[in-house]
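Numbered by full-length UniProt numbering, the letters in the sequence shown go through residues 1 to 376 in order.
Every residue gets a Cβ at the ideal spot worked out from N, C-alpha and C, and that includes glycine.
This report concerns only the one structure given below.
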Amino acid sequence: MDHPRADSALAVEDRLYSALALVRVVVTINMVALNAYRRESFSHPTLALVVVVALVVWTGFAIWLYGRRSTRTPALLVADLAIAVAAIAVTPWLKSEDFNATIPGFWVMGALLAWAIHWHWKGGLVAAAALSVADLLPRQEIDQGNYGNVFLVLIGGPIVGYMCESLQRMAHERDAAEHAAAAAEERTRLARAVHDGVLQVLAMVQRQGAAAGGQWAELGRMAGEQERGLRSLIRQQDTVPTGSGGRVDLAGALEAMATAHPVRVEVATPGGAVLVDEHVATETVAAVKACLDNVLAHVGAEGAAWVLAESAPDAITVSVRDDGPGMAPGRVDEAAAEGRLGVASSIRGRIEGLGGTATLRSGEWGTEWELSVPLA
Numbered sequence: 001m002d003h004p005r006a007d008s009a010l011a012v013e014d015r016l017y018s019a020l021a022l023v024r025v026v027v028t029i030n031m032v033a034l035n036a037y038r039r040e041s042f043s044h045p046t047l048a049l050v051v052v053v054a055l056v057v058w059t060g061f062a063i064w065l066y067g068r069r070s071t072r073t074p075a076l077l078v079a080d081l082a083i084a085v086a087a088i089a090v091t092p093w094l095k096s097e098d099f100n101a102t103i104p105g106f107w108v109m110g111a112l113l114a115w116a117i118h119w120h121w122k123g124g125l126v127a128a129a130a131l132s133v134a135d136l137l138p139r140q141e142i143d144q145g146n147y148g149n150v151f152l153v154l155i156g157g158p159i160v161g162y163m164c165e166s167l168q169r170m171a172h173e174r175d176a177a178e179h180a181a182a183a184a185e186e187r188t189r190l191a192r193a194v195h196d197g198v199l200q201v202l203a204m205v206q207r208q209g210a211a212a213g214g215q216w217a218e219l220g221r222m223a224g225e226q227e228r229g230l231r232s233l234i235r236q237q238d239t240v241p242t243g244s245g246g247r248v249d250l251a252g253a254l255e256a257m258a259t260a261h262p263v264r265v266e267v268a269t270p271g272g273a274v275l276v277d278e279h280v281a282t283e284t285v286a287a288v289k290a291c292l293d294n295v296l297a298h299v300g301a302e303g304a305a306w307v308l309a310e311s312a313p314d315a316i317t318v319s320v321r322d323d324g325p326g327m328a329p330g331r332v333d334e335a336a337a338e339g340r341l342g343v344a345s346s347i348r349g350r351i352e353g354l355g356g357t358a359t360l361r362s363g364e365w366g367t368e369w370e371l372s373v374p375l376a
């Protein structure tokens, strides 16, 4: 993993080394039993016994060292592999040049799996290659059994390493998902508290101020603006990518337009999140912003605009309407002919690039854009 490993990944690594400790015990018992059974094949039985005892001692020492994060260092891994290679290398001297089985045998799996756990598939491949070379070089003849063992080691090391990396990545992603879920739950709780308290008070001040008139009407108008801004801030919390395929909440992104544009904007969206592809959200929001820029340019900052988003199973429809004087028929085509491609590129171009349609309607009541984007 390229990023610093999180606690969840280290916890997975701890459990893998705990499982490896059991494997080490089993293969060590197997090594002792097989060498005792084959004791007649040693030309130097005393030295062979010393090697076997040393491997048993190292097994207990390695289990203890690998069980602690502070001592689980690259130096330990290198030493572990070096001992395994050395145990294989001394076999021809302690047996004979035409030996069949090495002294450590399957005991070398401990070092191989340790490299795979720590350095994943690359570590598994390097350790497997080192053990295979050490096993094959001293042999005068390579039979089918030797080839099969080496083949399994070269395949098994990288596969185990890849699986260890996948387990650590899944643990990290699970923690991220749990954190996102907890954050979403907390946002929902805070939004409920704000809605039940502050937003209701602001809405009441807006209604009472408009009814009272005079300076109270101005206070009501300001309360209304604060209410819209606060609602937008609550919804903007959901515009962060969800982490699953780069999907974002289009409704939350549109809510941000209520406070991010000079024109007074009122946004109405579905009650829940509208999750779409990040590229779709970016282009749709950019098209809506272009519509609002036109309102600012042709109606002025004192104008008002309304953004309405509707979600269907197969498409998203966003309507942007203003209260301006409207647009003369054919004005968009004339502007395009004059080389002014703001509408054609910024609005229609973006929506059509997503496979959707951008429809313009205008009259004395104002101008309305209807942007329809398919989800398929």
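Report task. Compare the beta carbon distance of L131 and V153 with 8 Å and say whether it is the shorter of the two. Result -> Working through the sequence shown from its first residue, we reach residue 131 at position 131. Working through the sequence shown from its first residue, we reach residue 153 at position 153. It is a contact, given that the beta carbons lie within the stated cut-off.
Query raised in the report: Which of the three DSSP states, helix, strand or coil, is assigned to G356?
Result: Within the sequence shown, residue 356 is the residue found at index 356, counting from 1. DSSP places G356 in coil when its eight states are reduced to three.
Query - Of the residues M170, F42, A309, the one placed nearest K95, counting alpha carbons only - result: Looking up residue 95 in the sequence shown gives position 95. Closest by C-alpha distance to K95, out of M170, F42, A309, is F42.
**Report entry** Straight-line gap, A309 to S166 (C-alpha atoms, nearest Å)
**Finding:** Within the sequence shown, residue 309 is the residue found at index 309, counting from 1. Within the sequence shown, residue 166 is the residue found at index 166, counting from 1. In this structure, the alpha-carbon of A309 lies about 40 Å from that of S166.
Query raised in the report: Looking at S346 and A290, is the spacing between their C-beta atoms short of 8 Å?
Result: The residue given as residue 290 occupies position 290 in the sequence shown. The residue given as residue 346 occupies position 346 in the sequence shown. The answer is yes: Cβ separation under 8 Å.
Requested in this report: Measure the CB-CB distance between L202 and Q168 and report whether it falls below 8 Å.
Outcome: Counting from 1 along the sequence shown, the entry for residue 202 is found at position 202. Counting from 1 along the sequence shown, the entry for residue 168 is found at position 168. No, the Cβ-Cβ distance between L202 and Q168 is not below 8 Å.
**Report entry** Simplified DSSP assignment, three categories, for residue 387
**Finding:** Outside the shown range of the chain (1 to 376) lies residue 387, about which nothing can therefore be said.
**Report entry** Alpha carbon of W369 to alpha carbon of A315, nearest angstrom
**Finding:** On the sequence shown, position 369 is the one that residue 369 refers to. On the sequence shown, position 315 is the one that residue 315 refers to. Taking the Cα positions, W369 is about 16 Å away from A315.
Requested in this report: Hey, could you find the ends of the beta strand (DSSP E) T308 is sitting in?
Outcome: In the sequence shown, the residue the question calls residue 308 occupies position 308. Sequence inspection shows Leu at residue 308; the Thr mentioned does not correspond to that position. Residues 304-311.
Report task. Entirely within the region 242-301 and at least 4 residues each: give me those alpha helix (DSSP H) ranges in chain order. Result -> 250-255, 257-260, 278-298
Query raised in the report: What is the C-beta distance between D323 and G366, in whole angstroms, given that I count them as a contact (C-beta under 8 Å)?
Result: For the purposes of this step, residue 323 is identified with residue 323 of the sequence shown, where counting begins at 1. For the purposes of this step, residue 366 is identified with residue 366 of the sequence shown, where counting begins at 1. About 5 Å separates the two Cβ atoms, so the contact holds.
Query raised in the report: Would you call the CB atoms of V265 and L230 closer than 8 Å?
Result: Residue 265 sits at position 265 when you count from the first residue of the sequence shown. Residue 230 sits at position 230 when you count from the first residue of the sequence shown. Between V265 and L230, the gap from beta carbon to beta carbon reaches 8 Å or more.
Query raised in the report: Over what stretch of residues does the alpha helix (DSSP H) that includes T91 continue unbroken?
Result: On the sequence shown, position 91 is the one that residue 91 refers to. 91-94 is the span of the alpha helix (DSSP H), which, as asked, contains T91.
Query raised in the report: Do L34 and G105 have their C-beta atoms within less than 8 Å of each other?
Result: On the sequence shown, residue 34 is found 34 positions in, with the first residue counted as 1. On the sequence shown, residue 105 is found 105 positions in, with the first residue counted as 1. In this structure, G105 lies closer than 8 Å to L34 by Cβ.
Query raised in the report: Expressed to the nearest angstrom, what Euclidean distance is found between the alpha-carbon atoms of A211 and L250?
Result: Translated into the one-based positions of the sequence shown, residue 211 becomes position 211. Translated into the one-based positions of the sequence shown, residue 250 becomes position 250. Cα-Cα distance, rounded: 35 Å.
Query raised in the report: Less than 7 Å between the CB of E141 and some heavy atom of the ligand ATP, yes or no?
Result: The ligand ATP is not part of this structure, which contains no ligands at all.
Report task. Helix, strand or coil for G148, going by three-state DSSP, please let me know. Result -> Residue 148 sits at position 148 when you count from the first residue of the sequence shown. Here G148 sits in helix by DSSP.
Report task. Go ahead and label T359 buried or exposed: buried means 16 or more other beta carbons lie within 10 angstroms of its beta carbon, across all protein chains shown. Result -> Numbered from 1 along the sequence shown, position 359 holds the residue referred to as residue 359. Exposed, because fewer than 16 other Cβ atoms sit within 10 Å of the Cβ of T359.
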